[in-house]
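Report on the following structure.
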Amino acid sequence: MKRSFMMAMALISMAGCSKKAREAPPAAVAAEAAPLSYELRLGRETYRHYCMICHGEGGAGDGFNAFNLDPHPRDYSDPAFQKKKTDAELADAIRRGGAGVGLSALMPPWGHTLSDAQISQVVLYIRTLEHKPE
Amino acid sequence: MKTDSLKLRRVLAITSVIFLFALAISPAKNYFREYRSIQEHFRKLGTSRARSLKEAQAYQNHPVAINQIWMRDFDNRVDRCTTCHQGVSDATMAKAPEPHRQHPSTAHTPSDIERMGCTSCHNGEGLATVRADAHGTTADSASPLTPLVNIEAGCGRCHTTDVVPQAALLSRGRALITKAGCYACHSVRGHEQFRSEAPPLNSIAVKTGGEWVRQWLKDPRAMDPNSTMPNFQLEPQQIEELANYLFSRPVKLELAAAIAAASAEAPGDAVNGKKVFSESRCISCHTVEGKGNGSAPELSKVASMASRGWLLAFIRDPHAFSPETRMPRYHFSDSESRDLVAYFESEFKDFGAPEGILNPLHVNQTLAEKGAKAFRSLGCFSCHDPGQGTIKEKFGPDLNGLGDKRAASLDFGRRIDLNRTLAAWTTAKLSDPRSFSAGLKMPTYGFKGDDTRAIVTALLSLGSQPVPEAFHPSPGGTPTPIPGGAIGKLVQQYRCLSCHQIGTQGGDISTAPLTFEGSKVKRDWLVNYLMVSFTIRPILEERMPIFRIPRDEAEKLADAMTSFYVNPAIPEDPFAGRPASDQNAAEGQRLFVSNGCRACHIVGASGGYYGPPLTDASSRLKPGWTFKWLKGPQAWRADVRCPNYGFTDTDALRLTAYLETLRATSAQKPSGGKK
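Each protein sequence line maps, in turn, to chains A and B.
Residues in the first sequence are numbered consecutively from 1, following our numbering.
Residues in the second sequence are numbered consecutively from 1001, following our numbering.
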């Protein structure tokens, strides 16, 4: 009953309103332009706290402690490296450390220290470190 | 008769059609509500993204309805945000366009969505189902959505501590508020006990000169970039009045006597002073030409700021001058402090300063009286309590509830350029407080970009009501008592808590909390360290000063540490009751190498600079601590960088046994200072 009633009403006012009803859903309310999303901010915070000291602020493998390490940390800002590694591979190397993925043991495993969410945030942030040619 | 009946029938027909229409208005309005088309769109999007037929059917059969989250523990709040934001906890909707997008994962999502709803973090009108009402985009909205850049304000509604994990912007904002001393003028729940560190101005007339005070009042940051005093944008006349008032204030008798006696002393030896200065690591807090921590004044012009007698008397007993200061009282000998001041006078001078910058000001009583009034009306007493009676009421407006203010209730004054939102108003208030109208009293702090955003975030977290009990986060730690008596006096004298943390108290300069120091380090090591503190972490710029603590005091402090600041979960002997193979140090050494510990730790001649060198580990660390640390460093301080390797008990014990064998030869022992 209700349904047929609604159908009738819909028919009556179809001409006037159907356009509005079919409009695509509105985009999100324009928020103030955020410099980085919350997730990226979390990723950056974690990166700066745990990773930057060896991997460097821009990910170039030039952190303060890098010169003590042989082999040196990787250069993430290198587009070729960014292209070669999937998110899952990066997360796995963070989780299991260098020794876990057959690389240098000087990169510790973070799987017992960082949560999966934190690790994926870091991966997200590392992706922003890629050096973009001008 | 027939026509009458026909007429009546017509009227009846028309009225019934009108009646039908009237009846239909409400359901029709409901039918064309925005959320229905949004849900329709969600259904289509879900179907197109579905990875199986079953999933697609589930999206297809999703009924169109108002969804809501009922928070029984949160004042029976109801959030209907999920009516439009249907994908918040739907992994298929990752990176989908809004409003369907999956919520990013945070400490509380997706796990707590059912318990905490949406508005407890985001604000907004939970009950509304129309976008403008729900998001509160109108100026008189009671609860507008918090802008995403300030979203961490939501964390701060429940987490009222200064440091909130995973909310770096909020924590930074709160730290900046404390540093800027905002609580001195504004009341905020939980900060009633705040006392400004600003000096009490009880010895101005014998400390500095009239010209220096004038320049300082004009622009404090120009004189000392580390200063937390804001710019009051004073007129030259006001400056003159205030300077006269400050010089008219009586100097505390005992301070005047100490300064007079000190200025009569023979000059010291600047060369030795330089040595004392660097040994004492003054720049762990102060700066010299910008180098140093910066939480205490810049020193490169200090001899043009204060008289020799004042400097000498202050260094000998800073707490007599300024009871709230974080500066410790060093155990300098009379000649050492004289040498230090001689060094300041030879090098830390403003060579471009006008002649006679330290000449006293001859007080004009009329100006001084006007200055006294200005001192009150400008609110100077809020930070510089000159002993003019107790402060009953805060000088500035109460900030509790700022985050819940309606934009329509705010005075935008001259700032017609601003968006009519709370965030825009607060941001402008912070960056240019005097721009709203004439006669406003808040001084200019000159906060910039990111700092402003951080402070705005912290301010928006101030709700009018505390959140219900069920939403109070579990306390991060219990306050650990600071012993009284002789030990308490020493802790006060050396101001241990200016840098170190004990329980939930203390500063943030040191990375070593003292809460369980007694379980962590060996007593004899601690005694030596207190007397001559060398650098445990070479990477740190802020190093523990050498206070010249005499042996008897160092022993008292070390004994107090070993008896009070212990944790029963840390065993004295971790090997007790374990098989002898757990003490296999050679196996421990192998683990040390295979786990790459040397990336951060020096042992012998090689290793990284990040963690403490372990060459002399066995002199410093108790094995019980080492074992417990290896089992999970973050249990002892949440932000420790040393990763948790997930060691088994056996591996952790073997590593402990290896570290117990590391003892420096006398040539490798750190040395510094004398005694």
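Ideal Cβ positions, reconstructed from N, Cα and C, are used throughout, including at glycine.
Practice prompt. Indicate whether at least one CB of chain B lies closer than 8 Å to the CB of Ala93(A).
Written response: no
Worksheet item: Which residues, in order along the segment 1157-1188 of chain B, keep a beta-carbon less than 8 Å from a beta-carbon of chain A?
Response: Gln1166, Ala1168 and Leu1169
Worksheet item: For Asn1123(B), which residues does DSSP report across the bridge?
Response: Leu1145(B)
Worksheet item: Would Glu1235(B) be called buried (16 or more neighbouring beta carbons within 10 Å of its own) or exposed?
Response: exposed
Fill in: Separation of Ile1259(B) from Gln1465(B), as counted between CA atoms
50 Å
Fill in: DSSP-derived helix/strand/coil call for Glu57(A)
coil
Worksheet item: By a C-beta neighbour count over all protein chains shown, 10 Å radius and 16 as the cutoff for buried, is Gly1446(B) buried or exposed?
Response: exposed
Worksheet item: How long is the line joining the alpha carbons of Val1288(B) and Ile1570(B), rounded to whole angstroms?
Response: 42 Å
Discussion item. Under 8 Å, with one C-beta from each stretch per pair, do the segment 52-59 of chain A and the segment 1171-1189 of chain B reach the 3-pair mark?
Written reply: no
Worksheet entry | alpha helix (DSSP H) runs contained entirely in the segment 1382-1461 of chain B, provided each spans 4 or more residues | 1422-1431 and 1449-1460
Worksheet item: Is Asn974(B) helix, strand or coil when you go by DSSP?
Response: Residue 974(B) lies beyond the residue range present for chain B, which begins at 1001 and ends at 1675; the question has no answer from this structure.
Discussion item. I need the DSSP call for Ile1502(B), collapsed to helix, strand or coil.
Written reply: strand
Worksheet entry | Whole alpha helix (DSSP H) elements within the segment 1155-1214 of chain B, 4-residue minimum | 1168-1180 and 1204-1207
Worksheet item: In the segment 1079-1137 of chain B, which residue ranges form an unbroken alpha helix (DSSP H) of at least 4 residues, counting only runs that do not cross its ends?
Response: 1113-1116, 1119-1122 and 1131-1135
Item to complete: Going by DSSP, name the residue or residues bridged to Asn1231(B).
Response: Thr1444(B)
Discussion item. Quick check: the Cα distance between Ser1510(B) and Thr1535(B), rounded to an integer number of angstroms?
Written reply: 12 Å
Worksheet item: For Thr1106(B), which residues in chain A fall below 9 Å Cβ to Cβ?
Response: Tyr38, Glu39, Leu42 and Ala117
Worksheet item: Secondary structure at Lys1291(B), three-state DSSP: helix, strand or coil?
Response: strand
Item to complete: Classify Lys1007(B) as buried or exposed, calling it buried when 16 or more other Cβ atoms lie within 10 Å of its own Cβ.
Response: exposed
Worksheet item: Among Leu1169(B), Ser1461(B), Thr1129(B) and Gly1646(B), which has the Cα closest to the Cα of Leu1676(B)?
Response: Outside the shown range of chain B (1001 to 1675) lies residue 1676(B), about which nothing can therefore be said.
Worksheet item: Using a C-beta cutoff of 8 Å, does Glu57(A) count as contacting chain B?
Response: no
Fill in: Counterpart residues of Ser1606(B) in DSSP-defined beta bridges
Val1603(B)
Fill in: Reference Leu1299(B); option with closest CA among Ile1283(B), Pro1397(B) and Arg1189(B)
Ile1283(B)
Fill in: Cross-strand partners of Met1071(B) (DSSP beta bridge)
Arg1077(B)
Fill in: Continuous alpha helix (DSSP H) assignments of at least 4 residues falling wholly in the segment 1295-1378 of chain B
1308-1316, 1318-1321, 1334-1347 and 1365-1377
Fill in: Residues that Leu1621(B) bridges to, as DSSP identifies them
Val1521(B)
Fill in: Beta-carbon gap between Tyr1658(B) and Phe1592(B) smaller than 8 Å
yes
Worksheet item: Roughly how far, in whole angstroms, is the beta-carbon of Pro1623(B) from the beta-carbon of Thr1656(B), given that I think they are within contact range, below 8 Å?
Response: 5 Å
Worksheet item: Which residues, in order along the segment 1586-1607 of chain B, keep a beta-carbon less than 9 Å from a beta-carbon of chain C?
Response: The structure shown has no chain C; the protein chains it does contain are A and B.
Worksheet item: Which residues mark the beginning and the end of the alpha helix (DSSP H) in which Asn1244(B) is found?
Response: Pro1236 to Ser1248
Worksheet item: Which two residues bound the contiguous alpha helix (DSSP H) that contains Ile119(A)?
Response: Asp116 to Arg127
Worksheet item: Roughly how many angstroms separate the alpha carbons of Leu1201(B) and Leu69(A), rounded to a whole number?
Response: 53 Å
Worksheet item: In terms of alpha-carbon separation, which member of Thr1648(B), Glu1240(B) and Asn1419(B) lies closest to Thr1137(B)?
Response: Asn1419(B)
Practice prompt. Pick helix, strand or coil for Thr1650(B), following the three-state DSSP scheme.
Written response: helix
Worksheet item: Considering only C-alpha positions, which residue in the set Val1271(B), Asp1339(B) and Tyr1343(B) is nearest to Ser1304(B)?
Response: Tyr1343(B)
Fill in: Chain-ordered residues of the segment 93-109 of chain A with a beta carbon less than 9 Å from chain B
Gly97, Gly98, Ala99, Ser104, Ala105, Leu106, Met107, Pro108 and Pro109
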